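Report on one structure; see the data block that follows.
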Amino acid sequence: MAERRADDQLGPEELVIQREQIERVRRAVEQLPVDFREVIVLRELEGCSYKEIATMVGIPIGTVMSRLARAREQLVTLLHVAAPTGDTQ
Amino acid sequence: MSCHDTLRLIDAYVDDELSAEEAAAVGEHLTVCRHCLRQLWGREDLRVLVRALPYFSAPPRLRAAIIDRRQPRRRVAPLAAIAAAVVLAVGADGGIRLWSRLHNASVVAEQVMTRHVNALVTQHLVDVRSTDQHAVKPWFQGKLDFAPPVPNLADAGFPLLGGRVDALAGQPVAAVVYERRLHVITAFVSVGDDDVPTESTYNVRGFHEQHWAPRDLSVWIVSDLNAEELNEFAQLLRARGM
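For the record, the sequence lines run as chains A and B. The first sequence begins at 30 in our numbering and counts up one residue at a time. The second sequence begins at 34 in our numbering and counts up one residue at a time.
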């Protein structure tokens, strides 16, 4: 993916909102079934590749892919993550 | 590629786990399908949210494996960078909406690279082939609702190859193509604000990119040329009206 650079800075109110939402995300991840939670943690927080996850968890790479997809679907549902609906321009 | 196949591969695409061919096919579909593009944004937003967690306990049976893992953590974006760039808010439905200029930047940067590579692979670099800016610029007339600047940089060692009409995120763009020795450089020019931080540079899978927004235009340049020479190219373009 691209190297990213952003110039935005958060104000005090946004920081409070951010803290609340981080807690909400943490609770959502905790609600995942353990099989899903472990692939999400390994992928997003430990930065493991699919191959590494497959080795560590002892499952085929195809299962890593499907578990990650289903875990993310559940998180999207739990968090009601809303993709932007406007135009990209 | 169909929407069904794209959505089946969207997680592996976000995770950069697809082959170059599969990634190119997904990227191609994302340039023309806003439905799938929004799914991608949802995934990228989710990634930013999860990665913003300051801590999380791994399931017990994995802790030893993580500790034993020889390689250091990687790919996880620095928390400070995320915190500085992410704005979260609760919508009326109680859902989280993430306003981040990051996801747009990464998606557009990825598409810029994909369109550039696709043109190289299909050998469809230009629709109008000319080293003369006065032949290339008028060619866009009637094909786009804006007139893209087409500076002549031949004297600086960046001869013009020509131009074509391409698309980014479903929007028509002018692709003005130059070369430097054997390296092809594409300058994508479109109208409007694509909500990407201006004055930004990117490195996408070995391709260097720069983005800026002159007046009401948006310019992206991409090439496998080294970063220094691409920067020289960018400075020349900007000095000559792009």
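Even for Gly, the Cβ is constructed at its ideal location relative to N, Cα and C. Predicted, not measured: the structure shown is a model, and the values here were computed from it.
So, with DSSP's three-state summary, where would you put residue i?
i: N151/B; result: helix
i: R197/B; result: strand
i: L42/B; result: helix
i: H157/B; result: coil
i: H37/B; result: helix
i: T84/A; result: helix
i: L250/B; result: strand
i: E50/B; result: coil
i: L82/B; result: helix
i: L61/A; result: coil
i: V54/A; result: helix
i: Q118/A; result: At Q118/A, the pLDDT of 33 sits below 50, so the modelled position is not reliable; the number obtained from the coordinates is stated separately. Of the three classes helix, strand and coil, the one that applies to Q118/A here is coil, per DSSP.
Taking Cβ to Cβ, would you say residue i is nearer than 7 Å to residue j?
i: P181/B; j: A207/B; result: yes
i: M275/B; j: P184/B; result: yes
i: A57/A; j: L97/A; result: no
i: I82/A; j: V93/A; result: yes
i: R213/B; j: F240/B; result: no
i: Y79/A; j: I90/A; result: yes
i: V169/B; j: G195/B; result: yes
i: I254/B; j: Q243/B; result: yes
i: M146/B; j: V210/B; result: no
i: V59/B; j: L42/B; result: yes
i: R197/B; j: D165/B; result: no
i: R53/A; j: L86/B; result: no
i: M34/B; j: H62/B; result: yes
i: H216/B; j: S163/B; result: no
i: H149/B; j: T64/B; result: no
i: L177/B; j: P205/B; result: yes
Could you check where the alpha helix (DSSP H) with residue i kicks off and where it finishes?
i: N264/B; result: A260 to A272
i: T106/A; result: I90 to L108
i: E54/B; result: A53 to V65
i: Q166/B; result: Q166 to W172
In the DSSP assignment, find the beta strand (DSSP E) that holds residue i and state where it starts and stops.
i: A213/B; result: Residue identity check: residue 213/B is Arg in the sequence provided, not Ala. Looking at the DSSP string, the run of the beta strand (DSSP E) that includes R213/B is Q204 to R213.
i: S233/B; result: S233 to V237
i: V70/A; result: Looking at the DSSP string, V70/A is not in any beta strand (DSSP E), and its letter there is neither H nor E.
i: S223/B; result: H216 to V224
i: F240/B; result: F240 to W245
The stretch 182 to 201 of chain B touching the stretch 210 to 223 of chain B, judged by at least three CB pairs closer than 8 Å: yes
Cβ pair count under 8 Å reaching 3, the stretch 52 to 64 of chain B against the stretch 77 to 84 of chain B: no
Where the stretch 55 to 76 of chain A meets chain B: residues whose CB sits under 8 Å from a CB there: R55, V58, V63, R66, E67, I69, V70, L71, R72, E73, L74, E75 and G76
Interfacial residues, the stretch 88 to 106 of chain A to chain B, with Cβ spacing under 8 Å: M94, L97, A98, R101, L104 and V105
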